[in-house]
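In what follows, a single structure is set out as structure tokens and then discussed.
Residue numbers (the numbering used here): 603 to 922.
Right, dumping it as structure tokens:
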């Protein structure tokens, strides 16, 4: 059977015209631009996530639990807004801290953006101040008091990183109080119905600040080698034995006190106290690097449980 070839319906002079070539080149340039754009967005988003990666378990989730219980949470919209506020402020703190601790991260966390070469120190410092402006603007959308909360966190971060408080035991702990309190006030303000702090919220923040001051050394045990490399003096470096015994005492004592203060039921009290004993005993008995890393993960789970207790003052949900 003879093969029938249908002629092209498009004249050859159109396909080969300068106009057609120009259109093809334009589409090619647009396609290349979009590929480069999305590749850059993916790269920088990955960098931002790496900046904040270690603090999802230590800041993001505990602060979310605290705000949801203390405010309490009113809607998915308010929860989502709270998450955005926490994440950008967490990025602010982490970029500031990591821009000054590259030598420590080379030892403890070489995958972070600076030691891995994803960003330079000067770029990180510039990014840090750009995020400050963004966070102040973001807080101003809500009210002036939230702007003051952001500025308080900026000041705490500046004292911690720029003025050297990170290298002193007491100074570091006070800065941690300021940091956690700022996150708690901001998150609770956004997630609550009236965007305001009441007696329960204020009390919970004050108690949480003291709790953090007396237990924050839990995060320092896995970082001893990196802190020594930077010349920092942390509680575990200054008093290796006593710091572990004190952590055991603190987690148990806080579990008992918080259960009593918030008036939770016997089963809830028993759970938190046993949890506190387990966390403290882990720090006291298992003392190698891998054990300390795992203990810190479990400590943050205990901290979340402790941060949920103010919910009982609102709803009596933990009466059992």
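Glycine is no exception: its CB is placed at the ideal position from the N, C-alpha and C atoms.
- Exclusion of the five residues before and after residue 833 leaves 769 as the residues of its chain whose Cβ lies within less than 8 Å of its Cβ.
- Within the region 633-681, the complete alpha helix (DSSP H) segments at least 4 residues long are 663-672, listed from N- to C-terminus.
- DSSP places residue 760 in the uninterrupted alpha helix (DSSP H) bounded by 746-763.
- Note on residue 869: under 16 other CB atoms within 10 angstroms of its CB, so exposed under the neighbour-count rule.
- The beta carbon of residue 710 sits closer than 6 Å to the beta carbons of 825 and 828 from its chain, once the five residues preceding and following it are set aside; these are given in chain order.
- Residue 892 sits exposed, since fewer than 16 C-beta atoms from the chains shown fall within 10 Å of its C-beta.
- Nearest neighbour of residue 858 by Cα position, chosen from 743, 845 and 873, turns out to be 873.
- In terms of Cα proximity to residue 696, the closest of 670, 730, 801 and 713 is 730.
- About 14 Å separates the Cβ atoms of residue 916 and residue 804, ruling out a contact at the 8 Å cut-off.
- Buried is the label assigned to residue 822, since at least 16 other Cβ atoms lie within 10 Å of its Cβ.
- Following the DSSP letters along the chain, one finds residue 722 in no alpha helix (DSSP H), marked with neither H nor E.
- Listed in chain order, the non-local C-beta contacts of residue 692 below 7 Å within the same chain comprise 654, 657, 661 and 662, local neighbours out to five positions each way being set aside.
- In this structure, 831 is the residue among 919, 906, 899 and 831 with its C-alpha nearest to the C-alpha of residue 704.
- For residue 909 against residue 865, the beta-carbon gap comes to about 16 Å, at or over 8 Å, which does not count as contact.
- Where residue 713 is concerned, there is no enclosing alpha helix (DSSP H), because DSSP gives it neither an H nor an E.
- Excluding the 5 residues flanking it on each side, residue 749 has same chain C-beta neighbours closer than 7 Å at 738, 741 and 742, in chain order.
- Per DSSP, the continuous alpha helix (DSSP H) segment holding residue 868 begins and ends at 868-887.
- From the listed residues 778, 670 and 724, the smallest Cα separation to residue 761 is found for 778.
- Ranked by Cα distance from residue 894, the first of 846, 683 and 863 is 846.
- Counted as a single uninterrupted DSSP element, the stretch harbouring residue 836 is not any alpha helix (DSSP H), since DSSP gives it neither H nor E.
- When C-alpha distances from residue 809 are compared across 634, 646, 783 and 820, the shortest belongs to 783.
- The beta carbon of residue 881 sits closer than 6 Å to those of 853, 900, 901 and 904, all from its chain and outside the five residues before and after it, given in chain order.
- In this structure, the straight-line span from the alpha carbon of residue 659 to that of residue 634 is close to 38 Å.
- Selection 850, 890, 889 and 898 evaluated against residue 876 yields 850 as nearest (Cα-Cα).
- Excluding five sequence positions before and after residue 773, the CB atoms of its chain that fall closer than 7 Å to its own CB belong to 767, given in chain order.
- Straight through space, the alpha carbons of residue 665 and residue 897 are spaced by roughly 19 Å.
- Look at residue 804 here: in three-state DSSP terms it is helix.
- Per the C-alpha coordinates, the member of 667, 677, 792 and 650 positioned closest to residue 684 is 792.
- The C-beta of residue 686 has fewer than 16 other C-beta atoms within 10 Å across all chains shown, which makes the residue exposed.
- The C-beta of residue 887 has fewer than 16 other C-beta atoms within 10 Å across all chains shown, which makes the residue exposed.
- Per DSSP, the continuous alpha helix (DSSP H) segment holding residue 902 begins and ends at 891-910.
- For residue 776, the secondary structure class from DSSP, reduced to helix, strand or coil, is helix.
- Taken through DSSP and simplified to helix, strand or coil, residue 918 comes out as coil.
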